[in-house]
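Undergrad: Please read through the structure below; I'll follow up with questions.
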Amino acid sequence: MRLAFWPVLALIGLAAAGCNSSSNDSGTTTASGGTTTGSTAKNSSGDKALVAFSQANSADPWRQVFDAATKAEAEKHPELTLQEQSAEDDANKQINQIDTLMLQHPKVLLVSPATEAVTTATDKAFDAGIPVVTLDRNVTDDKYTVYVGGDNKEIGRQAGEYIAKQLNGKGTVLMIQGIADATPTHDRRDGAMESFKKYPGITVISGDDCGYQRQKAQSYMETFLQGGKPFDAVYAHNDEMAIGAYNAWDQWNSGHGGKNKKPLFVGVDGCQKEVVDMIQAGKIDATFKYPVPGPKGVEVAADILKGNMPKDKKIVLPTEIVTKDTAAKYLAANPSLAK
């Protein structure tokens with residue numbers, strides 16, 4: 001269904017808010033299965049502007065941190081209510097959810113697309129005059145107001161450079177990839193390949209799309225190990241897949257005498273205490289922090305509500321590498337990592 005126009009409308013009344021689903025006044029669940037979040041305080045007019053938030057999924061640890069941080073930031077803004085829908089990485093479901101959210105006349109749409117196919121829905125919102133703030137993953141055209149997220153290509157470059165140097169410029173890298181149609185997958189792959197191409201002694205095996213999921217990566221790695229192809233490093237597009245790949249290798253190694261040299265394992269996200277603990281234990285070698293964009297997205301939405309449109313089309317959040325040498329400091333600086 002194509003919606004020709006969604007007028008801008010403020011929602012009036014109470015909006016409960018929170019970072020979790022506990023039964024208190026910090027969060028309410030809507031009839032459509034989403035959550036509504038906002039500060040319990042009201043602004044001077046008693047109005048709350050609706051900010052719609054379409055999330056790709058809320059299942060993996062990084063996105064759970066993403067959701068909690070986004071809701072926590074929304075609590076700081078009495079002028080808005082945040083309503084979230086999560087699509088379970090189903091593009092068609094997300095398109096339908098965005099269409100439904102638009103019927104509620106939001107003043108801003110925050111969206112982290114499941115895949116590039118969601119561009120059709122964001123285009124409709126943008127064409128109707130709704131500011132569109134893309135988070136983490138971007139759309140395929142310029143019909144959005146601003147993108148907020150990490151620089152995935154730069155993260156890929158840094159990961160590739162780190163791996164190549166650890167291998168002294170020579171070896172085979174198995175790349176375990178995320179969702180094929182997601183922009184971070186393209187960028188984390190392409191950035192790494194830019195670095196690898198500087199080292200003639202580096203060979204890359206392009207692994208399967210494991211959907212950013214631990215179990216899929218573990219199953220893929222189990223099958224790969226059975227094939228007997230030698231490799232020196234695993235570069236996974238997120239930490240969940242790096243953990244899955246390591247677990248598969250560890251089990252394989254235990255069944256083959258336990259004396260095989262451990263390959264490098266490198267991931268991306270840095271949002272889980274588990275992966276930092278594994279780095280300290282020498283199981284995972286490094287991860288690259290991929291900052292959650294939700295809080296900044298809410299800040300941008302609040303500015304838009306005040307009439308302050310973003311000056312730039314892209315807001316890049318900083319990354320950092322976490323290794324055994326820096327893990328303790330990283331844990332101390334990030335006490336709210338997912339358990």
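Residue numbering for the sequence shown follows full-length UniProt numbering, starting at 1 and increasing by one per position.
Ideal Cβ placement from N, Cα and C applies to all residues, glycine included.
1. Is it right to say K311 is buried, meaning 16 or more other beta carbons lie within 10 angstroms of its own, or is it exposed?
2. In chain order, what residues of the same chain lie with their CB nearer than 6 Å to the CB of T183, ignoring the 5 residues before and after it?
3. With a floor of 4 residues, list each alpha helix (DSSP H) that falls wholly inside the stretch 110 to 191, ordered by position along the chain.
4. Within the same chain, show all residues whose beta-carbon is closer than 8 Å to that of G207, passing over the 5 residues directly before and after it, in chain order.
5. Under 8 Å, with one C-beta from each stretch per pair, do the stretch 151 to 158 and the stretch 82 to 90 reach the 3-pair mark?
6. Could you spell out where the beta strand (DSSP E) holding W269 opens and where it closes?
7. Over the uninterrupted alpha helix (DSSP H) stretch that includes A327, give me the two end residues.
8. Use the C-beta contact count for A233: other C-beta atoms within 10 angstroms, 16 or more gives buried, fewer gives exposed.
9. Quick check on DSSP: helix, strand or coil for G211?
10. By DSSP, does S54 sit in helix, in strand, or in coil?
11. Would you kindly work out how many angstroms separate the C-alpha atoms of N253 and D269, rounded to a whole number?
12. Go through the stretch 224 to 291 residue by residue and report every complete run of the beta strand (DSSP E) that reaches 3 residues or more, in order.
13. By Cβ distance below 6 Å, which residues in the same chain neighbour L116 in space, the five residues on each side in sequence not counted?
14. When DSSP labels each residue in this structure, what does T203 get in the three-state scheme?
15. Under a three-way DSSP split, which group does S195 fall into?
16. Would you report the Cα separation of residue 356 and M278, rounded to the nearest angstrom?
17. Of the residues I304, H237, L167 and K165, which one's Cα is nearest the Cα of K107?
18. Please classify D47: does DSSP put it in a helix, a strand, or coil?
19. Between N260 and the rest of its own chain, which residues show a CB-CB distance below 6 Å, the 5 nearest in sequence each way excluded?
20. In the DSSP assignment, the beta strand (DSSP E) including K314 goes from what residue to what residue?
21. Compute the Euclidean distance between the alpha carbons of W249 and F265, then round it to the nearest angstrom.
22. Helix, strand or coil for E299? Go by DSSP, reduced to three states.
23. Nearest to I205 by CA position, among Q272, K48, M193 and Q213, is which residue?
24. Check whether the stretch 187 to 203 touches the stretch 129 to 136, taking contact to mean three or more Cβ pairs, one atom from each stretch, closer than 8 Å.
25. Between the C-alpha atoms of S336 and K306, what's the straight-line distance to the nearest angstrom?
26. Can you name the start and end residues of the beta strand (DSSP E) that E84 belongs to?
27. Return the CA-CA distance between F5 and N57, expressed in angstroms with no decimal places.
TA: From the atom records:
1. Here the question's residue 311 lines up with position 311 in the sequence shown. K311 should be labelled exposed.
2. As a working mapping, residue 183 is identified with position 183 in the sequence shown. Excluding sequence neighbours, T183 sits near R137 and N138.
3. DSSP runs (the alpha helix (DSSP H)) wholly in the stretch 110 to 191: 119 to 127 and 152 to 166.
4. Within the sequence shown, numbered from 1, the residue matching residue 207 stands at position 207. L174, M175, I176, Q177, Y220 and F224, listed in sequence order.
5. Taking 8 Å as the limit for Cβ pairs, the verdict is that the stretch 82 to 90 does not touch the stretch 151 to 158.
6. Residue 269 sits at position 269 when you count from the first residue of the sequence shown. In the sequence as presented, Trp is not what sits at residue 269; that position holds Asp. Here the beta strand (DSSP E) through D269 covers L264 to D269.
7. Translated into positions along the sequence shown, residue 327 becomes position 327. From DSSP, the alpha helix (DSSP H) with A327 extends over A327 to A333.
8. Position 233 of the sequence shown holds residue 233. Buried: at least 16 other Cβ atoms inside 10 Å.
9. Taking the sequence shown and counting its residues from 1, the one referred to as residue 211 is at position 211. Three-state result, G211: coil.
10. As a working note, residue 54 is residue 54 in the sequence shown. Three-state result, S54: strand.
11. As a first step, residue 253 must be located in the sequence shown, where it is residue number 253. As a first step, residue 269 must be located in the sequence shown, where it is residue number 269. Cα to Cα, the separation comes out at about 26 Å.
12. 233 to 236, 264 to 269 and 286 to 289
13. Sequence index remark: in the sequence shown, residue 116 carries index 116 (1-based). Contrary to the premise, residue 116 reads as Glu rather than Leu in this sequence. So the qualifying residues of the chain are T140 and D181.
14. Sequence index remark: in the sequence shown, residue 203 carries index 203 (1-based). It is a strand residue.
15. Indexing the sequence shown from 1 puts residue 195 at position 195. If DSSP states are grouped into helix, strand and coil, S195 belongs with the helices.
16. This structure leaves residue 356 out entirely; the chain is present only between 1 and 339.
17. Position 107 of the sequence shown, counted from the first residue, corresponds to residue 107. Taking only the C-alpha atoms, the option nearest K107 is I304.
18. Your numbering for residue 47 matches position 47 in the sequence shown. Here D47 sits in strand by DSSP.
19. The residue you call residue 260 lines up with position 260 of the sequence shown. Within the same chain, N260 has close Cβ partners N253.
20. As a working note, residue 314 is residue 314 in the sequence shown. Per DSSP, K314 belongs to the beta strand (DSSP E) from K314 to L317.
21. Here residue 249 corresponds to residue number 249 of the sequence shown, with the count starting at 1. Here residue 265 corresponds to residue number 265 of the sequence shown, with the count starting at 1. Cα to Cα, the separation comes out at about 10 Å.
22. Reading the sequence shown from its first residue, position 299 is the one you call residue 299. E299 falls in the helix class under three-state DSSP.
23. The residue given as residue 205 occupies position 205 in the sequence shown. Nearest of Q272, K48, M193 and Q213 to I205, Cα basis: M193.
24. no
25. Locating residue 336 in the sequence shown gives position 336, counting from the first residue. Locating residue 306 in the sequence shown gives position 306, counting from the first residue. Answer to the nearest angstrom: the Cα atoms are 31 Å apart.
26. Position 84 of the sequence shown holds residue 84. For E84, the enclosing beta strand (DSSP E) has its first and last residue at L80 to S86.
27. Numbered from its first residue, the sequence shown carries residue 5 at position 5. Numbered from its first residue, the sequence shown carries residue 57 at position 57. Unreliable positioning characterises F5 in this predicted model, as indicated by a pLDDT of 34, which lies under 50. A coordinate reading is not provided.
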